[in-house]
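Numbering (UniProt numbering), first residue to last: 1 to 533.
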Amino acid sequence: MAPKKRSLGDGDEQEKTETQENKTKRKPLQKHQFSKSNVVQKEEENKREGEKKGGAEGLQEVVMQSRLQTASSVLEFRFNKQRVRLISQDCHLQDHSQAFVYWMSRDQRVQDNWAFLYAQRLALKQKLPLHVCFCLAPCFLGATIRHYDFMLRGLEEVAEECEKLHIPFHLLLGLPKDVLPAFVQAHSIGGIVTDFSPLLHHTQWVKDVQDGLPKQVPFVQVDAHNIVPCWIASDKQEYGARTIRHKIHDRLPHFLTEFPPVICHPYPSNIQAEPVDWNACRAGLQVDRSVKEVSWAKPGTASGLTMLQSFISQRLPYFGSDRNNPNKDALSNLSPWFHFGQVSVQRAILEVQKHRSRYPDSVANFVEEAVVRRELADNFCFYNKNYDKLEGAYDWAQTTLRLHAKDKRPHLYSLEQLESGKTHDPLWNAAQMQMVQEGKMHGFLRMYWAKKILEWTRSPEEALEFAIYLNDRFQLDGRDPNGYVGCMWSICGIHDQGWAEREIFGKIRYMNYAGCKRKFDVAEFERKYSPAD
C-alpha cells in the first residue's frame, strides 16, 4: 500500500475545505509552545548577547518588539504565498518524514528571513523538527579570504542563534549537489526550503540539488532577498528603472510588512549537528589570502544593525543632498551586509521610512536605491543569462561598441597596472585604492571607474572582463547582481539610453575628470587615497 501523503502547502489549502466540525476536533496547540512569553524570553536572551558583542541595543529592542507585536510566531502570521515557488514536481510530504531543512545560501541570517520563516512554518504545521544547512564550497568564483572571512564570521553568529532556538545548524563541506541530497536521504528529510538568487551559479546549484533529491521530496524556493519577489515584480526583463518603478511601488503595500519572529522550535530532533571547527574551515579554504580582511565592517547581523542605526541617526539627514559626494560621509555603507544576507533590505526600509516626515528627500532616495535599483538588478540577472557579457547588452549598445572597438585608445593599461592603481589619472587611482584597501568604492566613483576601463583597454569585452574581475576581487559585495549591473551600465549602457556619439564610447554615456571636478573636491579625495609609490 502506498504511504499517505500530506501537502507541503502548509495546510492552508486543506483548512479552506475543513468543516466546522472537523475544526473543533483538531487538537489545540499547546500554549507553552507558542506563547508570547517564551518568545520574549528567547528574544531578550538574544538581545543581551548582542549587547555583549556591541550590538545596536536601541534598534535591536525596537525590532524585537515590532516582531512580537506582529505575531507570536510565523504560524499565527498570514504568510504571503507569492513569495514562494515550487521547484520540485511533487508537493506532498511523505508520512515517514522526520524533519524539514532550510538550505541557507544567499540570505545568511535567522530573523527577518522569509525563507527561514516559511521553513519553520511548514515544520510547525507538521509538528516536525527543523534543520538549517549551509553548503561551504572551498573556493568560489575568485572570492578571497576577505569575502570568506566576512561570510564565515556571520555564519558563526547564525549557528549560535540557531542553537539557542533549538534548531540544529549543519555546515556541510562541499558543493550543494555533493552534500545536500546525501544529507536529505540519510536523515529522511521530508521537504526543503531554500532562498533565491538570480545568478547562474545559484540557479545551477538549485537544479543540481533538485536532480539529486529523491523525487518524492518537495523542494520550494522563497525570495527572501527582495521585498517584492523577483518573479512577481515583473515577468520579463525591464528596460530600466522607469519601467519597473511603478510595478514595485504598486506591490509594496502587499509585501512591505513587518516580520514575525523565528521562535524557539518546539519539536526537538534526534539528529544532532556536529560542532563546527570554524578555524579548521578557514584553514581548509582554497582561496587567495593576499586580499586581507577590512577593519571598518564587522560581520554578522548584530553589527549590520549597528551600521543601520548609525546610518539613521548620523547620515540619513544628509543622504539626499550629499550621497554623490565621495568626500562626504552620507552613505548607508550597508552593502556588505545586504550582499551576504546578514541584514534584510526589508528591515532597513521598515526602519528608515519611519523618518520620512523629517527627511523626505533622503528617505525617498534611499528607497529608490535600496529597493527599485537593487530589485532592477535582480530582474536583469534573472531574465538575462548574459548579465556579465557584452551579448547581454541592448542591440543598439552592442552595435555602437563594436563599431568603435578599433578606435585608437589614448592610453592602454594591463590588468596588473589597473589593479595597482598605476594609471595617469590620480582620481581613478585613488578610487581603485579605496576599493583595494577598504573593500568598497563610493557609488558615484564606481561609474567613473568602470567607464575609464572601457576607455583604456583593447575592447569592450576586455573592459567588462577587467571591471568585473577587479570588482569581484576587492569589493566586499562582489559577485552580486548590483555589481554586474553597475559594470554593464557603465560599459554597455544597460538601463540607460543612447547619447551623443564619440570615439571609443560610441553612444554609451561618457564621464570625464573635468565633470567630476564640477561635482566634488577631487583633490581632497585623491589626497586621502593616493596609492603608494
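Where is the CB? At the ideal position from N, CA and C, for every residue including glycine. These figures come from a predicted structure and were not determined experimentally.
Expected contact under 8 Å - CB spacing of residue i and residue j to nearest Å
{"i": "A115", "j": "A224", "result": "4 Å"}
{"i": "F505", "j": "H404", "result": "7 Å"}
{"i": "W296", "j": "E438", "result": "6 Å"}
{"i": "Q111", "j": "G154", "result": "In fact, because the Cβ distance is near 13 Å, the residues do not count as touching under 8 Å."}
{"i": "V352", "j": "V363", "result": "6 Å"}
{"i": "Q346", "j": "I227", "result": "5 Å"}
{"i": "H339", "j": "D477", "result": "4 Å"}
{"i": "Y239", "j": "C381", "result": "Going by Cβ atoms, the distance from Y239 to C381 rounds to 15 Å, so no, they are not a contact pair."}
{"i": "I453", "j": "L418", "result": "7 Å"}
{"i": "V367", "j": "T301", "result": "Contact doesn't hold; Cβ gap of about 22 Å is too wide."}
Straight-line gap, residue i to residue j (C-alpha atoms, nearest Å)
{"i": "K207", "j": "K215", "result": "13 Å"}
{"i": "L331", "j": "V522", "result": "18 Å"}
{"i": "L308", "j": "S269", "result": "35 Å"}
{"i": "E258", "j": "L350", "result": "7 Å"}
{"i": "A450", "j": "G498", "result": "17 Å"}
{"i": "E462", "j": "I312", "result": "40 Å"}
{"i": "residue 534", "j": "S97", "result": "Because the chain here runs from 1 to 533, residue 534 falls outside it and cannot be looked at."}
{"i": "F196", "j": "L285", "result": "25 Å"}
{"i": "D388", "j": "T457", "result": "17 Å"}
{"i": "K36", "j": "E369", "result": "Because the pLDDT of K36 is 43, which lies under 50, any placement of that residue in the model is unreliable, and the question is left without a value."}
{"i": "K328", "j": "D322", "result": "6 Å"}
{"i": "R156", "j": "E61", "result": "The residue asked about is misnamed: residue 156 is Glu in this sequence, not Arg. Cα to Cα, E156 sits roughly 22 Å from E61."}
{"i": "G50", "j": "D480", "result": "At G50, the pLDDT of 41 sits below 50, so the modelled position is not reliable; the number obtained from the coordinates is stated separately. The alpha-carbon atoms of G50 and D480 are separated by roughly 28 Å."}
{"i": "H64", "j": "P253", "result": "Correcting the residue identity first, residue 64 is Met in this sequence and not His. One C-alpha to the other measures close to 22 Å."}
{"i": "Q475", "j": "D95", "result": "47 Å"}
{"i": "L172", "j": "E391", "result": "36 Å"}
{"i": "L445", "j": "C487", "result": "12 Å"}
{"i": "Q432", "j": "P531", "result": "9 Å"}
{"i": "D378", "j": "D407", "result": "33 Å"}
{"i": "A241", "j": "M441", "result": "22 Å"}
{"i": "G320", "j": "R374", "result": "18 Å"}
{"i": "Q126", "j": "Q120", "result": "10 Å"}
{"i": "W205", "j": "E526", "result": "42 Å"}
{"i": "A186", "j": "P198", "result": "29 Å"}
{"i": "S88", "j": "I189", "result": "14 Å"}
{"i": "L401", "j": "G493", "result": "10 Å"}
{"i": "W428", "j": "S420", "result": "11 Å"}
{"i": "K23", "j": "A348", "result": "Residue confidence is low: K23 scores 36 on pLDDT, short of 50, so the model does not pin down where it sits. Its coordinate-derived value is still stated next. Each residue's Cα considered, the two are about 39 Å apart."}
{"i": "D250", "j": "K81", "result": "18 Å"}
{"i": "G341", "j": "N113", "result": "9 Å"}
{"i": "I263", "j": "E416", "result": "50 Å"}
{"i": "P410", "j": "L305", "result": "46 Å"}
{"i": "R85", "j": "V220", "result": "6 Å"}
{"i": "P122", "j": "K528", "result": "Checking the sequence, you will find Leu at residue 122 rather than Pro. If you take the alpha carbons of L122 and K528, they lie about 52 Å apart."}
{"i": "residue 561", "j": "L464", "result": "The first residue shown for the chain is 1 and the last is 533, placing residue 561 beyond what the model contains."}
{"i": "W278", "j": "E161", "result": "16 Å"}
{"i": "T399", "j": "E524", "result": "39 Å"}
{"i": "K177", "j": "V276", "result": "21 Å"}
{"i": "E163", "j": "F255", "result": "29 Å"}
Pair within 8 Å by beta-carbon distance, residue i and residue j
{"i": "F134", "j": "M104", "result": "yes"}
{"i": "L376", "j": "I244", "result": "yes"}
{"i": "V158", "j": "V193", "result": "no"}
{"i": "F100", "j": "P260", "result": "no"}
{"i": "L128", "j": "Y267", "result": "yes"}
{"i": "C281", "j": "L180", "result": "no"}
{"i": "I508", "j": "A397", "result": "yes"}
{"i": "V132", "j": "F169", "result": "yes"}
{"i": "L75", "j": "G191", "result": "no"}
{"i": "R106", "j": "H202", "result": "yes"}
{"i": "Y513", "j": "D395", "result": "no"}
{"i": "Q237", "j": "N384", "result": "yes"}
{"i": "R473", "j": "V294", "result": "no"}
{"i": "R502", "j": "Y510", "result": "yes"}
{"i": "N325", "j": "F520", "result": "yes"}
{"i": "S72", "j": "L124", "result": "no"}
{"i": "P299", "j": "Y359", "result": "no"}
{"i": "P218", "j": "C91", "result": "yes"}
{"i": "L130", "j": "H265", "result": "yes"}
Cutoff 8 Å: residue i Cβ touching any chain B Cβ
{"i": "S344", "result": "The structure shown contains no chain B; it is built from a single protein chain."}
Original post:
Which runs of the alpha helix (DSSP H) spanning at least 4 residues fall entirely within the segment 370-415, listed in chain order?
Top reply: Here the runs fully enclosed are 374-383, 395-403.
Original post:
Which runs of the beta strand (DSSP E) fall wholly inside the segment 237-263 and span at least 3 residues, in chain order?
Top reply: Qualifying beta strand (DSSP E) stretches: none in this window.
Subject >> Contained alpha helix (DSSP H) runs [length at least 4] in the segment 432-467, N- to C-terminal order >> reply: Every unbroken stretch of the alpha helix (DSSP H) spanning 4 or more residues and falling wholly within the segment 432-467 is given here in chain order: 443-455.
**OP:** Entirely within the UniProt domain "Photolyase/cryptochrome alpha/beta" (98-230) and at least 4 residues each: give me those alpha helix (DSSP H) ranges in chain order.
**Re:** DSSP runs (the alpha helix (DSSP H)) wholly in the UniProt domain "Photolyase/cryptochrome alpha/beta" (98-230): 114-126, 145-164, 176-186, 200-212.
Original post:
On the three-pair Cβ rule with 8 Å, is the segment 276-293 touching the segment 130-145?
Top reply: Short answer: they touch.
Original post:
Going along the chain, which unbroken runs of the alpha helix (DSSP H) with 4 or more residues stay wholly within the segment 276-338?
Top reply: Listed in chain order, they are 278-283, 301-310, 316-322.
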